[in-house]
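Written below as structure tokens is the structure these notes are about.
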Amino acid sequence: MSVPFYLAVILSTLMPACLAWVEVEDRAMGLDLTLTYGTAVLWTSNATSNVAMIEGSPQYRSAMSNLVRYSSPDAEDVSIRRPWFCRYFPSLQRCAPDEDLVAVADMLRALRTACDDFAGVPVPYCGVSTPIPLRWDGGADQSTFISAAIDFAELPRPGIRRAFAGAAAAMANGASDCTFGMSCEADRGWNDPTEVRAVLAIDYSQEVLTTSLMSAEENDLYAEYFETRFDLGAASLSSQDDPQEHWREVKGSIKRALAYTMRALTIYGPPLEREALHVVVYGDAVGTAGLKTALQECLEPYEPGFVVLPEDRKMADPIFAAAEGAVAFVDPTEDLVHELAGPIDGVFTLDKWWLESRYPEEEL
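Read in order, the letters of the sequence shown are residues -20 to -1, 1 to 344 in mature numbering (1 follows the signal peptide of the UniProt record, and there is no 0).
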């Protein structure tokens, strides 16, 4: 037999394998954690699927509530850390995970399994979104805890991206450029004007109301305002003598966030006149009629066309919204560059050269 024949046989054998590998590489999962449940979303270049929404166990809900409440930046005042060497020496007493870490890791594993089962193959890329505000002013134990939970759950590398969720959506959909996560196939020139939008995110769940106002520039989100109220969750309505007082407080929280809208829009110049304020509503109680009325009343002062109001979603929002073209907080891992070294760095997609360009060498 001739050499060309052998080459043809080899190529015919390799091509299906290569195509199958490309298909696997084309998949990415988004695992979104809220205070009450988690959602797994599978992205491919052709479709986005809401794979599973899993209600959190009492232990998980307690862990996430503790995490949101606990925001100490003191590296010595830590009850939820897991040192990097625990990956190699898990039997050490210091490496025994606490209940909160185990509960969050269990949720991540369950979401990962659901996504892998839906895809039919292990999904190689993974992004994790959490209801914690992005921090730029130093370390926070919250993000250290999330990183430890991701590591403990053994999520597939690269594990987590230090980026707005829209960047992961762009990666999963093969887009080379993602502008604000809303027009990921847009081809912006280097001298195009910078457009900044404001994003109002409302998480209305049984246990908590969280309102936040962010400025969004391309793929970067900056928290202008963030408020968490454990006394204004939907469950508190049952113990209220005057339900109207509950909704007055809810409207007050939304209005306090909206007060930062113009500040968010005027960072680089005159604000946009249309589609400038994007509203994202999520949580397990978003169907409550009172919330819709409260939000509508808070948005009445704005001109028609100024506000973009997506349909309410019961599924956990941040990751899924990014795939649909909205925005929300993602895991705040920027502050971990001061904390993590050695093998833990492998969890992230960004290399040392990127970190060195942003932080002084002595801080790494």
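Just so it is clear, CB atoms sit at the ideal spot from N, CA and C, and this is done for glycine as well.
Which of helix, strand or coil DSSP assigns to Glu225 = DSSP places Glu225 within a helical segment (H, G or I) once states are collapsed to three.
Name the one or two DSSP bridge partners that Ile34 has.
-> Looking at the DSSP assignment, Ile34 forms a beta bridge with Gly18.
Taking Glu277 as the reference, give the member of Leu245, Tyr240, Val288 and Lys235 with the closest Cα.
-> Ranking Leu245, Tyr240, Val288 and Lys235 by Cα distance to Glu277 puts Lys235 first.
Near Val84, what residues of its chain come up, given a Cβ to Cβ distance below 6 Å and the 5 sequence neighbours on each side ignored?
-> Here Val84 has Ala43 and Ala129 as same chain residues with Cβ atoms under 6 Å from its own Cβ, once five neighbours each way along the sequence are excluded.
Express the C-alpha separation of Ala20 and Gly10 in angstroms, rounding to a whole number.
-> Here the C-alpha atom of Gly10 lies approximately 6 Å from the C-alpha atom of Ala20.
Answer yes or no: do Ser185 and Thr16 have a C-beta to C-beta separation smaller than 8 Å?
-> Yes; because the gap between Cβ atoms is below 8 Å, this pair is in contact.
So what does DSSP say about Pro97, is it helix, strand or coil?
-> In the sequence as displayed, the identity of residue 97 is Asp instead of Pro. In the three-state DSSP reduction, Asp97 falls in the helix class (H, G or I).
Quick one: grab the DSSP three-state call for Ala8.
-> Ala8 falls in the strand class under three-state DSSP.
Own chain residues within Cβ distance below 6 Å of Phe210, not counting five before or after = Hits under 6 Å: Val188.
Could you tell me how far apart the beta carbons of Ala8 and Gly107 are, in whole angstroms, since I believe they sit closer than 8 Å?
-> The pair is a contact, with the Cβ atoms about 7 Å apart (cut-off 8 Å).
With DSSP run on the structure shown, which of helix, strand or coil describes Ala256?
-> Here Ala256 sits in coil by DSSP.
Taking the C-alpha atoms as reference points, what is the distance between Leu72 and Asp183?
-> Within the model, the alpha-carbon separation for Leu72 versus Asp183 is close to 39 Å.
Looking only at its own chain, which residues have a Cβ that is under 7 Å from the Cβ of Val31, when we skip the five neighbours before and after it?
-> Ala20, Val21, Leu22, Ala94, Cys95 and Phe98, listed in sequence order.
According to the neighbour-count rule (16 or more other Cβ atoms, all chains shown, within 10 Å of its Cβ), is Met33 buried or exposed?
-> Counting Cβ neighbours within 10 Å, Met33 comes out buried, since at least 16 surround it.
Mark Val179 as exposed unless 16 or more other C-beta atoms lie within 10 angstroms of its C-beta, in which case mark it buried.
-> That one is buried.
Residue range of the beta strand (DSSP E) that includes Arg177 | Here the beta strand (DSSP E) through Arg177 covers Val176 to Tyr184.
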